[in-house]
Amino acid sequence: MKKWMVIALAALLLLAGCTEKDHSKKAAPIETVPLGETKLLLDRDLALQKKKQSSLSSFYKDVRYTYEWKNQGQVKINVRTINNGDRFVMIQLRNTSNEPLTLKASVPQPGATDYYFINWHRDIKPREHDPVTGNDPTTPPSGLLRYSADGRFLYEAVVSKQYHSRTKTKLYDNGQQSTIRELTAETEALTHSQSGFSFTLEAPPKQIAEQWFLLAKEPLFTSPDHLSSWIDFQHEHYKEVNNWFTVNGAMKKLPWSIEPFSKEGYGRHLGTLVEKAAIDRYFQLGDRYFYDLMAQSAANLMEYRQRKQSVIWETEYTSTWLKQKYDITSPYVDTRHNELIALYLYRIGKAFDEKELMDALPAYADYLLNLITIDNIVPTENGYLPADYYSAHQGKQFIHTSLNHALGEANMFIEAYKATGEKKYLLAAREIRLGIESLGTKWIRPNGDLWYQVNRDLTFAGSDYERLTLDDLERHEKKWQSLGGSKSPVLQKLIESKKKAIQ
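Letter by letter, the sequence shown follows residues -21 to -1, 1 to 482 in mature numbering (1 follows the signal peptide of the UniProt record, and there is no 0).
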């Protein structure tokens, strides 16, 4: 065990039971939500309006409780039981009144004789201003609690920070809309003692307060090093992880190029709804926490698609860049995000023989084939390149194709072919490969780097990513060779030129 954990653990064990004031004189909580061997207690008189169960795969089961609060607001609680018995609990207090609302939520553990708390805080350098998203003040969960009784493990809990926000919506003449959340505060609300843990949701007038926690039936990490490494990763690579889970999915910092505009705009960003880092760590390390995050990600993605009544994942907020260039507003399809989601769900489904998740890959592949059929492409002399985006409301404007999107879609079709044996996917991958090759070294900019995109009229534009497209090029060549194909002289020139440029 690392030195910092030993010192922290020793100090916390001495302080166990001393971190919370005595509330024994307060009135007993009124509402009770069952959580297996324990329960969630709420200290307000709420009217249960609806209780709904759902499950789109055997990975999880959701029970959602909706309470009305005497015309002042609404409380939603989603209890998500993972198939290993662990539970994610997401709580939302929506204040529709002009006065602040508070709701104390507690999880008692009267049988515990011992507990400790590992704080996930880190002293790190201030985050640099991001030119795309600005500053993201959200931070990882408060930490990890472990409860035991006479040496017998009871459960572990990871508890988040609390998030205050307001909903902002832009309506369009076509009947569609763009919706974001504007973050107003992140606060530390957790209190804990040997008898359990609690937090008080404090929703300002006309705002939403949200918090989540995870209850685990077994230890979440197989070694202190795995835990320490993950805490560090969350802080150092904060763009790649989700801190703010809601009853409807994860909220992530959005670019400033959104409508309605807010410097503190958050939304369900499809690229990070996939818990890529956690999923990769699960398959590498096998820790229970990463399994739970993987299941949470799969559930959020399946529920998102179900609510949209679609076979794909549509972006629900408007990009002002796309609006200005192509008159596209929310909702629209981002092909790269859908490719990533389909491949990850297939990967999870294949590992656990989950057909519902595996079906996401051929479903999206067929959807993309339909877009190709309706000419949502950049045609080339040989082959074609699928357009980066699609909207049923985009009119007759033609959208560009970026090199990384085209490679990603070709790679996705190869995986769909391997998964199903359907030759239509292999043919589509070949056509995209031919489309890239037919443009030859025109992809190379005068400085040796690559152009980001090609337009419908076959003009090039944009600065390429530093590394992403190079990785996509090399990955595509490997996948093509795995099918018995040979290396492409054109793609090899692009790879060589890109490597020199970034060196």
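Note that beta-carbon positions come from the ideal geometry of N, C-alpha and C, so glycine has one too.
Please classify D354 as buried or exposed, where buried requires at least 16 other C-beta atoms within 10 Å of its C-beta. exposed
If F224 and V138 are in contact, beta carbons under 8 angstroms, what's the gap, nearest whole angstrom? Incorrect: roughly 11 angstroms between the Cβ atoms, too far for contact.
Indicate whether N279 and L301 have their beta-carbon atoms separated by less than 8 angstroms. no
Given this structure, state the Cα-to-Cα distance separating K149 from A91, to the nearest angstrom. 50 angstroms
Check the C-beta distance from T117 over to E165 and give it rounded, since I have them as a contact under 8 angstroms. 6 angstroms
Work out the CA separation of L364 and I356 for me, nearest whole Å. 5 angstroms
Give the DSSP bridge partners of F200, in chain order. The partner list for F200 (beta bridge, DSSP) is empty, contrary to what the question assumes.
Opening and closing residue of the beta strand (DSSP E) in which F269 lies: Where F269 is concerned, there is no enclosing beta strand (DSSP E), although the alpha helix (DSSP H) it sits in stretches over 267 to 287.
Exposed unless 16 or more other CB atoms sit within 10 angstroms - verdict on I481: exposed
Less than 8 angstroms between the C-beta atoms of E340 and E394, yes or no? According to the sequence provided, residue 340 is Leu. The question's Glu does not apply to it. Contact: yes.
Starting from the C-beta of T299, find all residues in its chain whose C-beta is less than 7 angstroms away, skip the five residues before and the five after it, and write them out in chain order. S236, I237, E238
Should A168 be labelled buried (16 or more other beta-carbon atoms within 10 Å of its own) or exposed? buried
Measuring alpha carbon to alpha carbon, tell me which of G228, M391, H248, I351 ends up nearest I70. G228
Alpha carbon to alpha carbon, how far is E388 from E189? Give it in angstroms, no decimals. 36 angstroms
In this structure, does DSSP put Q213 in helix, strand or coil? helix
Helix or strand or just coil, what does DSSP make of S127? strand
Spatial neighbours of K421 in its chain, beta-carbon cut-off 7 angstroms, leaving aside the 5 residues before and after: F439
Check whether A398 and I327 have beta carbons under 8 angstroms apart: no
Give me the DSSP bridge partner(s) of S465. DSSP output for S465 lists no bridge partner at all.
If distances are taken between C-alpha atoms only, which option among S121, Y261, L405 comes closest to A330? Y261
heavy atom of the ligand ATP below 7 angstroms from S85 C-beta: This structure lacks the ligand ATP, and indeed carries no ligand of any kind.
Determine whether the beta carbon atoms of Y217 and M230 lie at a separation below 8 angstroms. no
In this structure, how does DSSP classify W422 when only helix, strand and coil are distinguished? helix
In three-state terms, what does DSSP make of R435? coil
Cα separation between G414 and A408? 10 angstroms
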